[in-house]
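J.: Below are the structure tokens for one structure; questions will follow.
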């Protein structure tokens, strides 16, 4: 879990950061003492959970919560404050929990578990929705309807695109660019001028020539990641 901690008091921030880092599921804790710093972090890193103080210097954590809700796939919000009178308003802003200073290790752990449960439930719901979604693939003689979740990768080949699924392959009359744009809202990424892959179907990543990578898909197929896509790829798979 990647966590953002927004707190303008150094000692309180350090204490909460310490308690969160004691949990092995926490990969990183990013700290901010203002809304501006918090938004910069949210735009730079993939944050799963945000702990927000309500009273920041001349600012309000409630306002920050409203801003966070407008972000695509926003982090789970937990308010961490010294004031209990804002609890109702906090939950009205879809906060998952509300913990009070001075922080107790047990309550911090409980709040973290609640947030993780919410993230896991949300992820499960998304997978279920995705598993029901299909695309139509027009070949030379037929139109096939296939599940998006079954697509392993797509390869450009002589002006067409070959879709590889966990069962078979389909030679589409459409281009690789067409499929890249078609699947832009799904966990697919172009990693080479000839390949778009399903990031959730990667089984192995290994360093390759000239600081590039080679990925092995669940089907055993190996795909190069070219240098022009390295930065975006590393961000997507959190390398």
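In the numbering used here, the protein residues as written are 109 to 347. Yeah, the Cβ is synthetic: ideal placement off N, Cα and C, and Gly gets one too.
With distances taken Cα to Cα, identify the nearest neighbour of residue 111 among 223, 320, 171 and 260.
T.: Selected option, being the one with the closest Cα: 223.
J.: In three-state terms, what does DSSP make of residue 181?
T.: Three-state DSSP puts residue 181 in coil, outside helix and strand.
J.: Can you check the region 281 to 335 for any beta strand (DSSP E) of at least 3 residues that lies completely inside it and give the ranges in chain order?
T.: If we require 3 residues or more, the beta strand (DSSP E) runs fully inside the region 281 to 335 come out as 296 to 300, 303 to 306, 310 to 315, 321 to 325 and 330 to 333.
J.: Per the DSSP calculation, residue 259 is bridged to which residue(s)?
T.: Answer by DSSP bridge pairing, in chain order: 273.
J.: Taking Cβ to Cβ, would you say residue 243 is nearer than 7 Å to residue 256?
T.: Cβ atoms of residue 243 and residue 256: closer than 7 Å.
J.: Of the choices 198, 180, 281 and 192, whose alpha-carbon is the least far from that of residue 186?
T.: That would be 198, whose Cα lies nearest to the Cα of residue 186.
J.: Locate the beta strand (DSSP E) running through residue 139, then write down its first and last residues.
T.: 136 to 140 is the span of the beta strand (DSSP E), which, as asked, contains residue 139.
J.: Take residue 332 and list the residues in its own chain whose beta-carbon comes closer than 6 Å to its own, dropping the five residues that flank it on each side.
T.: 300 and 322, listed in sequence order.
J.: Count the other C-beta atoms from every protein chain shown that fall within 10 angstroms of the C-beta of residue 276, then say buried if there are 16 or more, exposed otherwise.
T.: Answer is exposed; the Cβ neighbour count stays below 16.
J.: Is residue 219 buried or exposed, if buried means 16 or more other CB atoms sit within 10 Å of its CB?
T.: Per the 10 Å Cβ criterion, buried.
J.: In terms of alpha-carbon separation, which member of 188, 196 and 184 lies closest to residue 229?
T.: The shortest Cα separation from residue 229 among 188, 196 and 184 belongs to 184.
J.: The beta strand (DSSP E) spanning residue 194 covers which residue range?
T.: First-last for residue 194: undefined, no H or E at that position.
J.: Would you grab the beta carbon distance between residue 172 and residue 207 for me? Rounded to a whole angstrom, and I think it's under 8 Å.
T.: The pair is not a contact, with the Cβ atoms about 17 Å apart (cut-off 8 Å).
J.: Can you give the Cα-Cα distance for residue 324 and residue 336, rounded to whole angstroms?
T.: Whole-angstrom Cα-Cα distance: 19 Å.
J.: Which residue comes first and which comes last in the beta strand (DSSP E) that contains residue 244?
T.: Start and end: 242 to 246.
J.: Determine whether the beta carbon atoms of residue 280 and residue 271 lie at a separation below 7 Å.
T.: Yes, Cβ-Cβ distance for residue 280 and residue 271 is below 7 Å.
J.: Could you please give the first and the last residue of the uninterrupted beta strand (DSSP E) stretch that includes residue 157?
T.: Run containing residue 157: 157 to 160, per the beta strand (DSSP E) assignment.
J.: Might you give, ordered along the chain, the residues of its own chain that have their beta carbon closer than 6 Å to the beta carbon of residue 115, omitting 5 neighbours on each side?
T.: If we look at residue 115 and ignore the five residues flanking it on each side, its Cβ neighbours are 121 and 161.
J.: Please report the Cβ distance between residue 260 and residue 329, rounded to the nearest whole angstrom; I am assuming they are in contact, meaning their Cβ atoms lie under 8 Å.
T.: Going by Cβ atoms, the distance from residue 260 to residue 329 rounds to 7 Å, so yes, they are a contact pair.
J.: Give the C-beta separation of residue 159 and residue 188 to the nearest angstrom, bearing in mind that I take them to be a contact with Cβ-Cβ under 8 Å.
T.: The Cβ separation is near 5 Å, so the contact holds.
J.: Am I right that residue 113 and residue 137 are in contact with their C-beta atoms under 8 Å? What's the rounded C-beta distance?
T.: Confirmed, about 6 Å.
J.: If you run the structure through DSSP and keep just helix, strand and coil, what is residue 199?
T.: Looking at residue 199 - three-state DSSP - the assignment turns out to be helix.
J.: Whole-angstrom Cβ separation of residue 211 and residue 314, contact assumed at under 8 Å?
T.: So it is not a contact: roughly 42 Å between Cβ atoms.
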